[in-house]
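According to this note's numbering, the sequence shown holds residues -3 to 310 in order. All C-beta atoms, glycine included, are put in the ideal place defined by N, C-alpha and C. Keep in mind it's a predicted model, so treat the numbers as computed, not measured.
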Amino acid sequence: MKKKIYIAGAGGMLGEAFYRIFKNDYEVKCTDKDVNEKWLSFLDFRNFEKYKKEVEDFKPDYLFHLGAYTDLEFCELNLDDTYLTNTTAVENAVFIANNLDIPLLYISTAGIFDGTKDFYDDWDEPNPLGHYARSKYMGERYVRENAKRYIICRAGWMMGGGPHKDKKFINKIIKQLASGKRDLHIVNDKDGTPTFTVDFAKNVKLLIEKEYWGLYNLVCNGETSRREVAEELVRILDLENDVTFHEVSSTYFKDTYFAPRPPSERLINKKLELRNMNIMRDWKIALKEYINDYYTDYLKEKNIYSVKEDIFTL
């Protein structure tokens, strides 16, 4: 008989990948307050009583708590909503998982560090700069200090979900290119590690099945910068000769992106390496697969795909 997983907050880019990777081997119930897929049902996990009843009725073997507000500017402007969603709701999840004596999965972020170091391993001490980072770190702390069995995975610069679900850097650049922009202003003072949602979900599945509880950095291999990611994306799309990059500092975008961000969010999967459990691929390979799997039709529709027939074959 298949084991059961309750996945709360599954309506975003990460939920899409978890559904894709877990649905065949497990019985999954996916919920979100935004029901945007036929495999989703409604739940606002900030409502503790309804969250508790939903999970208890399903009787899962695992509780995956995925959802959070991840728009840093929104979080800076909406503190009560942010902490209710990103922190207090996590306390709900811990209580529910402990009460059912099942393991809890919580997603943390590279953004909890202050960026004073070039790289961060699993044991470096977080020092969150803004309210998004602080709300996520307090959620992480609560899980570490109170959950009986848990896996916490810290993700980096997330990429996944495709044109409709990706609210992050890759989709923003592709949307600019689709609108006809060929002059791209890219910051030169932000370093990090991309994280492909599908690879992330596969590595979580491995940890769950091995029952290696604990806290893990979980990002693609290979450190990089915003500029390098943008260049690689343009190269994959075969638009190098058409696009001009303009390097700017973060202050160039300060009116739009005013929330504090660390200069370095580069993570190292040290614990995964030591346990011989790191199946994350190089970010360039993952990015190419992401574009291939999620954007081929969109790019053709927007007429920005390459004339080379083989660009979308790996």
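query                                                                                                                                                        : result
Beta-carbon separation of cysteine 26 and glycine 8 under 9 Å?                                                                                               : no
If the criterion is Cβ atoms closer than 9 Å, does the pair alanine 64 and glycine 156 meet it?                                                              : no
For valine 183, tell me which candidate among Thr252, Ser245, Ile170 and Lys0 has the shortest Cα-Cα distance.                                               : Ser245
Should the stretch 42 to 52 be regarded as contacting the stretch 89 to 98, the criterion being three or more beta carbon pairs within less than 8 Å?        : yes
In angstroms with no decimal places, state the Cα-to-Cα distance between tyrosine 128 and aspartate 251.                                                     : 18 Å
Give the straight-line distance between the Cα atoms of lysine -2 and glycine 5, rounded to the nearest whole angstrom.                                      : 22 Å
Cα-Cα, which of Glu243, Asn213 and Ile287 is closest to glutamate 261?                                                                                       : Asn213
Mind listing, in chain order, the continuous beta strand (DSSP E) runs of no fewer than 3 residues lying wholly within the stretch 155 to 215?               : 179 to 183, 190 to 192 and 210 to 213
Quick check on DSSP: helix, strand or coil for arginine 277?                                                                                                 : coil
Looking only at its own chain, which residues have a Cβ that is under 8 Å from the Cβ of tyrosine 133, when we skip the five neighbours before and after it? : Ser104, Ile108, Pro122 and Pro124
Threonine 220 bridges to which residues according to DSSP?                                                                                                   : Gly188
I'd like the span of the beta strand (DSSP E) that includes lysine 250, first residue to last.                                                               : Premise fails: lysine 250 is in no beta strand (DSSP E) and is neither H nor E.
Expressed to the nearest angstrom, what Euclidean distance is found between the alpha-carbon atoms of tyrosine 291 and asparagine 167?                       : 10 Å
Is it buried or exposed for asparagine 265, if we count other Cβ within 10 angstroms and need 16 for buried?                                                 : buried
For lysine 0 versus tyrosine 22, is the C-beta spacing smaller than 9 Å?                                                                                     : yes
Would you say histidine 242 and histidine 181 are within 9 Å of each other, going by their C-beta atoms?                                                     : yes
Alpha carbon to alpha carbon, how far is lysine 280 from glutamate 228? Give it in angstroms, no decimals.                                                   : 7 Å
On the criterion of 16 or more Cβ atoms from any shown chain inside 10 Å, does leucine 270 qualify as buried, or is it exposed?                              : exposed
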